[in-house]
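The sequence shown begins at 0 in numbering that gives the first Met the number 0 and counts up one residue at a time.
Note sheet for the following structure.
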Amino acid sequence: MIVAGMGFRKGADLAALQAAFLAAGGARAVALATAEDKAQAAVFVQFAALCGLPVHAISATDLAAQATPTQSARVAALYGTGSLAEAAALAAAGSGARLLRARVQSQDGMATAALAERSVR
0 MIVAGMGFRK GADLAALQAA FLAAGGARAV ALATAEDKAQ AAVFVQFAAL
50 CGLPVHAISA TDLAAQATPT QSARVAALYG TGSLAEAAAL AAAGSGARLL
100 RARVQSQDGM ATAALAERSV R
């Protein structure tokens with residue numbers, strides 16, 4: 000199962016989310032994930048509907064439990080982890096998940112995406 004974790008700033012538009020998602024290789028994803036406080040943002044709801052993918056809203060506790068290779072001081076202060084996109088993807092993919100694609104940003108810097116996978120055996 001491949002999950003696309005998404006992070007985005009308050010002013011992000013649909014084009015920014017799409018750009019980050021595509022840059023990360025999101026076409027392979029079977030689900031989207033982001034923080035609980037972002038999951039109901041109008042732009043994210045619109046993006047999820049456009050993609051036709053289910054959304055995993057990840058709690059702050061679960062985000063903070065994820066070790067990420069990318070380290071953003073701003074994100075760490077807000078969510079207790081270095082990358083919202085990476086942490087959301089890992090948490091949603093489940094125990095034993097690994098990153099397939101570390102965080103990438105949209106060209107305007109307003110959205111990020113990462114891919115994680117958990118092998119089903």
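Positions of the beta carbon are idealized from the N, C-alpha and C atoms, including for glycine.
What you are looking at is a predicted structure, and each value in this text was computed from that prediction instead of being measured.
Please state whether DSSP places residue i in a helix, a strand or coil.
i: Glu116; result: strand
i: Arg8; result: coil
Judging by CA-CA distance, which residue of the options is the nearest neighbour of residue i?
i: Ala38; options: Leu83, Thr69 and Ala26; result: Leu83
i: Ser105; options: Gly10, Ala14 and Val2; result: Ala14
i: Glu35; options: Ala48, Lys9 and Ala56; result: Ala56
i: Gly24; options: Val42, Arg8, Met109 and Arg102; result: Arg102
Should residue i go down as buried or exposed, given a rule of 16 or more other Cβ atoms within 10 Å for buried?
i: Thr60; result: exposed
i: Gln45; result: exposed
i: Val2; result: buried
I'd like the span of the beta strand (DSSP E) that includes residue i, first residue to last.
i: Ala40; result: First-last for Ala40: undefined, no H or E at that position.
i: Val103; result: Arg97 to Gln104
Just to confirm the assignment, what range does the alpha helix (DSSP H) spanning residue i have?
i: Gln17; result: Leu13 to Ala22
i: Leu62; result: Ala59 to Ala63
i: Leu89; result: Leu83 to Ala92
i: Arg73; result: Ala72 to Tyr78
Taking 7 Å as the threshold (C-beta atoms), are residue j and residue i in contact?
i: Arg97; j: Met0; result: no
i: Leu31; j: Leu62; result: no
i: Phe43; j: Ala112; result: no
Cβ-heavy atom distance between residue i and the ligand COA below 6 Å?
i: Ala40; result: Within the structure as shown, the ligand COA is missing, as the structure has no ligands at all.
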